[in-house]
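Trainee: According to the numbering used here, the residues represented by the sequence shown are 771 to 986, in order. In this text, a Cβ means the ideal position worked out from N, Cα and C, and glycines have one as well. A quick note: this is a predicted structure, and the numbers were derived from the prediction, not measured. First, the structure itself, so that you have it in front of you.
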Amino acid sequence: MRLTHLGHACLLVETAEARVLIDPGAFSDGWHGLRDLSAVVVTHQHPDHLDCEHVPGLMAANPQARLLAEPQAAEIARGLGLSCADLDGTTDVAGARLEAVGRQHALIHDDLPRIGNRGVRISAEGEPTVFHPGDALDGEPGEVDVLAFPLNAPWQRSREMTAFLRRIAAPVAVPVHDGLLNETGRALYLGQARDLGHPETDVRDLRDAGPVSFTR
771 MRLTHLGHAC
781 LLVETAEARV
791 LIDPGAFSDG
801 WHGLRDLSAV
811 VVTHQHPDHL
821 DCEHVPGLMA
831 ANPQARLLAE
841 PQAAEIARGL
851 GLSCADLDGT
861 TDVAGARLEA
871 VGRQHALIHD
881 DLPRIGNRGV
891 RISAEGEPTV
901 FHPGDALDGE
911 PGEVDVLAFP
921 LNAPWQRSRE
931 MTAFLRRIAA
941 PVAVPVHDGL
951 LNETGRALYL
961 GQARDLGHPE
971 TDVRDLRDAG
981 PVSFTR
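This is how it looks when you write it as structure tokens:
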């Protein structure tokens with residue numbers, strides 16, 4: 771399996787014969803121009819996870835790719851004229867299995883209504899499993915080899931981030947959702963993830979690393 775962090779919450783997962791792009795949002799442009807995608811997954815409707823301006827062009831450039839989105843986000847995608855299936859249950863794509871995990875976005879504020887959120891667990895025979903939670907920390911993905919974890923967010927305290935790392939206890943964790951951080955803040959949160967997360971989890975920073983291979 772190969773992972774490429776394309777900025778903020780966006781992650782390209784290459785496993786089996788599948789190339790799955792997760793959360794092509796407006797806080798990053800590293801995913802612009804991608805080709806040969808098998809699927810595009812949107813965990814929820816917020817613009818840093820679903821870029822309504824550029825995703826139609828992405829899908830036009832990848833006519834073979836399936837678009838799967840959390841149901842409320844799927845309605846938005848269909849309103850853009852896109853063919854989009856709800857991200858729910860399990861979906862098989864090019865030898866990879868995509869499993870929806872969770873229901874709601876994390877609480878931002880009591881005055882703001884909560885929206886839907888679906889994390890996604892991706893597995894393929896003989897390959898490591900990876901879990902991207904979207905914007906929630908309460909999903910139960912089961913055993914995973916690589917955990918993508920939000921490094922920073924308006925809805926998340928750092929102690930919740932480290933508790934998430936400890937609860938999932940994946941062998942490897944990769945930070946995402948870092949688009950609001952300057953270099954000083956990013957280094958601080960990475961240090962907390964490494965020092966206060968699970969002691970047996972290897973936190974690997976994929977920013978600017980290109981495709982990185984993972985094996986079991």
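Candidates 796, 960 and 906: which alpha carbon is nearest residue 934's?
Mentor: The sequence position of residue 934 within the sequence shown is 164, counting from 1. For the residues 796, 960 and 906, the minimum Cα distance to residue 934 belongs to 906.
Trainee: Helix, strand or coil: which one does DSSP assign to residue 820?
Mentor: One-based indexing of the sequence shown puts residue 820 at position 50. In the structure shown, residue 820 sits in coil (DSSP, three-state: anything other than H, G, I, E or B).
Trainee: Consult DSSP for residue 937 and reduce its assignment to one of helix, strand or coil.
Mentor: To locate residue 937, count along the sequence shown from 1; it is residue 167. DSSP places residue 937 in helix when its eight states are reduced to three.
Trainee: Taking the continuous alpha helix (DSSP H) assigned at residue 885, which residues delimit it?
Mentor: Position 115 of the sequence shown, counting from 1, holds the residue named residue 885. Run containing residue 885: none; DSSP gives neither H nor E here.
Trainee: Does residue 922 pass the burial test, meaning 16 or more other C-beta atoms within 10 Å, or should it be called exposed?
Mentor: For the purposes of this step, residue 922 is taken as residue 152 along the sequence shown, with counting starting at 1. Label assigned to residue 922: buried.
Trainee: Could you have a look at residue 918 and say whether DSSP puts it in helix, strand or coil?
Mentor: Here the question's residue 918 lines up with position 148 in the sequence shown. If DSSP states are grouped into helix, strand and coil, residue 918 belongs with the strands.
Trainee: Tell me whether residue 837 counts as near the ligand HEM, meaning its Cβ is closer than 8 Å to at least one heavy atom of that ligand.
Mentor: The model on display carries no ligand, and the ligand HEM is accordingly not part of it.
Trainee: Cα separation between residue 834 and residue 984?
Mentor: One-based indexing of the sequence shown puts residue 834 at position 64. One-based indexing of the sequence shown puts residue 984 at position 214. Roughly 26 Å separates the two Cα atoms.
Trainee: Nearest-angstrom Cα distance between residue 804 and residue 831?
Mentor: Residue numbering aside, residue 804 sits at position 34 when the sequence shown is read from its first letter. Residue numbering aside, residue 831 sits at position 61 when the sequence shown is read from its first letter. Distance between the alpha carbons of residue 804 and residue 831: 8 Å.
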